[in-house]
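Trainee:
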Amino acid sequence: GWLVDFINRFGDLGGFDKLLTRFTSPENKLTISIVIALLKPWGLCYEYLTQSTIKKYFAPIIEFVPQYLNQLAENEFKVEAKTESKSDTLSAVIKWLRHLASRLPDNDKACRDLDELRLKMVLRLLQTNSFSSKMNALNELHKLIPSLSPIHRSTINRLDDNEGLTPEKFIKWIQDHEILDIVLRDCLHQPQYVEKLERILRFMIKEQALSRN
109 GWLVDFINRF GDLGGFDKLL TRFTSPENKL TISIVIALLK PWGLCYEYLT
159 QSTIKKYFAP IIEFVPQYLN QLAENEFKVE AKTESKSDTL SAVIKWLRHL
209 ASRLPDNDKA CRDLDELRLK MVLRLLQTNS FSSKMNALNE LHKLIPSLSP
259 IHRSTINRLD DNEGLTPEKF IKWIQDHEIL DIVLRDCLHQ PQYVEKLERI
309 LRFMIKEQAL SRN
């Protein structure tokens, strides 16, 4: 269809080379907003990209972007988190990268690393002083929980949707990083915050993962 023709034309004109250079050249300054803008089209149409294209042009990006996010200084991260759009979040970037990674051969490690990065970014958002950032983090956790249900996981057939995150891993992450202690510290006067928090607590109770300690 026309989308495939457009992708082919983009490649013929050197678009993928320029995209890779935009990410990897030290002369080009990146922000989260730019990363979102550059990755969104390809994260949404990854199924139409050939495996060779993904391996040549996107594999280096899949490796680079997590390094970029991890190296953001705390003050830079806070600024970026505050200016981040409501619809295109950090988690969306990681999701697009995961879609692309799912098309690579021997992709298990890359997908696991991106799952871990997703949780790491949620933790960083929770640790900021910004209410909107904390809400973004809770929204992300809120979206994760349904995907952990046995019914949801049993209906998944496509490799790119086969999340490596299990209820056990999710609970361990919550416990190891004392997520409940963090989210219970403040913002409890905000109804929408408490609503999202309640969903997490219900999940923990259902999984028998809450203790008096």
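Taking this note's numbering, the leading residue of the sequence shown gets 109, the next gets one more, and so forth. The C-beta atom is built at its ideal place from N, Cα and C for all residues, glycine as well. Please read these numbers as outputs of a predicted model, since none were measured by experiment.
(1) With the cut-off set at 7 angstroms, would you say L234 and A245 are in Cβ contact?
(2) Measuring only the C-alpha atoms, how far is L318 from C219?
(3) Distance, Cα to Cα, V230 vs D223?
(4) Here's the rule I'm using: 16 or more other beta-carbon atoms within 10 Å means buried, otherwise exposed. How should L296 be labelled?
(5) Whole angstroms are fine: how far does the CA of N116 sit from the CA of G109?
(6) Drop a sphere of 10 angstroms on the beta-carbon of F124, count the other beta-carbons inside from all chains shown, and report buried for 16 or more, exposed for fewer.
(7) Within its chain, find whatever has a CB closer than 7 angstroms to the CB of A209; leave out the 5 residues flanking it on each side and keep chain order.
(8) Using the beta-carbon count (16 or more within 10 Å), is P134 buried or exposed?
(9) Which whole-angstrom value is the C-beta distance of K228 and T236, which I expect to be below 8 angstroms?
(10) Using three-state DSSP, classify K137 as helix, strand or coil.
(11) Below 7 angstroms between beta carbons: does that hold for P174 and L225?
(12) I need the straight-line Cα distance from F114 to D120, nearest angstrom please.
(13) Run through the stretch 111-167 for me and flag every whole alpha helix (DSSP H) of 4 or more residues, listed as ranges in chain order.
(14) Can you list, in chain order, the residues of its chain whose CB lies under 7 angstroms from that of N247, leaving out five sequence neighbours each side?
(15) Hey, how far is the Cα of Q298 from the Cα of I282?
(16) According to DSSP, simplified to helix, strand and coil, what is H207?
(17) With DSSP as the reference, label P174 as helix, strand or coil.
(18) Can you have a look at T263 and say buried or exposed, based on whether 16 or more other CB atoms are within 10 angstroms of its CB?
(19) Run through DSSP, which three-state label would N247 get?
(20) Output yes or no for whether 7 angstroms exceeds the beta carbon distance between W204 and L147.
(21) Rounded to the nearest angstrom, what separates Q316 and E276 at their Cα positions?
(22) On the DSSP letters alone, give me the boundaries of the alpha helix (DSSP H) that E315 sits inside.
(23) Here's a check: name, in chain order, each residue in its chain whose Cβ is nearer than 8 angstroms to the Cβ of I279, leaving out the five neighbours to either side.
Mentor: Considering the structure as presented:
(1) The count along the sequence shown starts at 1 and reaches residue 234 at position 126. The count along the sequence shown starts at 1 and reaches residue 245 at position 137. Yes, they are a contact pair.
(2) Your numbering for residue 318 matches position 210 in the sequence shown. Your numbering for residue 219 matches position 111 in the sequence shown. Using only the alpha carbons, I get a separation of about 29 angstroms.
(3) Translated into the one-based positions of the sequence shown, residue 230 becomes position 122. Translated into the one-based positions of the sequence shown, residue 223 becomes position 115. In a straight line, the C-alpha of V230 is about 11 angstroms away from that of D223.
(4) Indexing the sequence shown from 1 puts residue 296 at position 188. Label assigned to L296: exposed.
(5) Here residue 109 is taken as the residue at index 1 of the sequence shown, counted from 1. Here residue 116 is taken as the residue at index 8 of the sequence shown, counted from 1. So the two alpha carbons sit approximately 11 angstroms from each other.
(6) As a first step, residue 124 is located in the sequence shown; it is residue number 16 there, counting from the start. Looking at its Cβ environment, which holds 16 or more other Cβ atoms inside 10 Å, F124 is buried.
(7) Against the sequence shown, residue 209 aligns to sequence position 101. For A209, where only same-chain residues beyond five positions count, the Cβ hits under 7 angstroms are I170, N215, A218, C219, L222.
(8) The residue given as residue 134 occupies position 26 in the sequence shown. Per the 10 Å Cβ criterion, exposed.
(9) In the sequence shown, the residue the question calls residue 228 occupies position 120. In the sequence shown, the residue the question calls residue 236 occupies position 128. Between T236 and K228 the Cβ distance is about 14 angstroms, and since that is not below 8 angstroms, they are no contact.
(10) Working through the sequence shown from its first residue, we reach residue 137 at position 29. Coil, per DSSP.
(11) Taking the sequence shown and counting its residues from 1, the one referred to as residue 174 is at position 66. Taking the sequence shown and counting its residues from 1, the one referred to as residue 225 is at position 117. Yes. Within cutoff.
(12) Stepping through the sequence shown from its first residue, residue 114 is reached at position 6. Stepping through the sequence shown from its first residue, residue 120 is reached at position 12. Going from the Cα of F114 to the Cα of D120 covers about 10 angstroms.
(13) 123-132, 140-152
(14) In the sequence shown, residue 247 corresponds to position 139, counting from 1. These residues qualify, in order along the chain: K304.
(15) Counted from its first residue, the sequence shown places residue 298 at position 190. Counted from its first residue, the sequence shown places residue 282 at position 174. So the alpha carbons of these two residues sit roughly 22 angstroms apart.
(16) Against the sequence shown, residue 207 aligns to sequence position 99. Reduced to three states, the DSSP call for H207 is helix.
(17) As a working mapping, residue 174 is identified with position 66 in the sequence shown. Helix, per DSSP.
(18) For the purposes of this step, residue 263 is taken as residue 155 along the sequence shown, with counting starting at 1. Confidence at T263 is low in this model, with a pLDDT of 46, below 50, so the placement of that residue is unreliable and no value is reported for it.
(19) Within the sequence shown, residue 247 is the residue found at index 139, counting from 1. N247: helix per DSSP, three-state reduction.
(20) In the sequence shown, the residue the question calls residue 204 occupies position 96. In the sequence shown, the residue the question calls residue 147 occupies position 39. Yes, they are a contact pair.
(21) The residue you call residue 316 lines up with position 208 of the sequence shown. The residue you call residue 276 lines up with position 168 of the sequence shown. Taking the straight line from one Cα to the other gives about 11 angstroms.
(22) As a working mapping, residue 315 is identified with position 207 in the sequence shown. Per DSSP, E315 belongs to no alpha helix (DSSP H) and is neither H nor E.
(23) Residue numbering aside, residue 279 sits at position 171 when the sequence shown is read from its first letter. M312, E315, A317, listed in sequence order.
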